Each structure stands twice: as structure tokens, then as C-alpha cells.
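Reading through the C-alpha cells given below for one structure.
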Amino acid sequence: MGLTLEWRHIDSMLDTGDGIPPGVAPYPVPKIDYFNLAARYEFGPGTLDGLALQAGVENVGDEDPPVIPTSSGANTDPSQYDVLGRRYYVKLNYRF
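If you want it as C-alpha cells, here you go:
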């Protein structure tokens with residue numbers, strides 16, 4: 084049995100991208116923290132030997148990604164920030 088808490092911190096920055104007009108100050112992008120929580124249980128010897136159950140929650144705080152005005156498409160950077168919001172999962176593994 085195990086419990087995992089994952090913390091991902093993305094520090095604040097200034098958006099100085101190509102879309103900012105000359106003479107306009109860079110756009111401040113705030114820091115953000117994402118937390119993921121997971122629990123895992125491995126069944127012991129017996130009929131269910133080799134079976135493992137895992138369940139978890141990603142983006143526990145349901146944090147919205149910050150707006151980045153010069154980012155194309157999603158108004159943020161989907162490669163860096165969580166754009167899906169809070170989500171749940173259950174995973175069942177069997178090792179033989």
C-alpha cells in the first residue's frame with residue numbers, strides 16, 4: 084500500500100513574446116502550484132496475487148492555467164501548464 088503526493092511548482096515570469104507592442108511593459112505571469120494525489124494497493128498472496136489497484140486525482144486544486152497574451156491557440160502554454168483541470172483515474176494492473 085502506498086500514498087503519493089506530487090507537487091509541481093512553476094515560478095512567475097514576464098511574458099516578453101513577439102505579440103507585445105513596442106513600448107508596452109512585459110506581461111507578468113503569476114506562479115502556480117499543481118498537486119497530484121495517488122493511492123496504490125497491491126494484493127497479497129492468494130487468488131489475487133499480482134493484482135495492483137491505483138486511484139488518483141490530478142490537479143487536486145483545480146487550478147486554471149495563467150493567461151499568456153502572446154501564446155497562440157489556447158492563450159496559455161499547454162506544454163507547461165495544466166489546461167484540463169481536475170481529473171480522476173483508476174488503474175488496475177495484473178503482473179504474471
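For the sequence shown, the numbering used here begins at 84 and goes up steadily by one.
All residues carry an ideal CB built from backbone N, CA and C; glycine is no exception.
Note that the structure is predicted; figures quoted are calculated from it, not measured.
Through-space distance from P152 to Y164, alpha-carbon basis: 14 Å
Looking only at its chain, what residues have a beta carbon closer than 8 Å to the beta carbon of R169, apart from the 5 residues adjacent to it on each side? V140, E141, N142, V143, G144 and D145
Quick check: the Cα distance between P111 and P104, rounded to an integer number of angstroms? 15 Å
Near K174, which residues of its chain fall below 7 Å by C-beta distance, leaving aside the five closest residues on each side in sequence? Q137
Just checking my contact of L88 with L120 at CB under 8 Å: how many whole Å lie between their CB atoms? 6 Å
Runs of 3 residues minimum, wholly inside the stretch 106-148: which ones carry the beta strand (DSSP E) assignment? 110-112, 115-125 and 134-141
Apart from the five residues on each side of it in sequence, which residues of its chain come closer than 8 Å, Cβ to Cβ, to A122? M84, G85, L86, T87, Q137, A138 and G139
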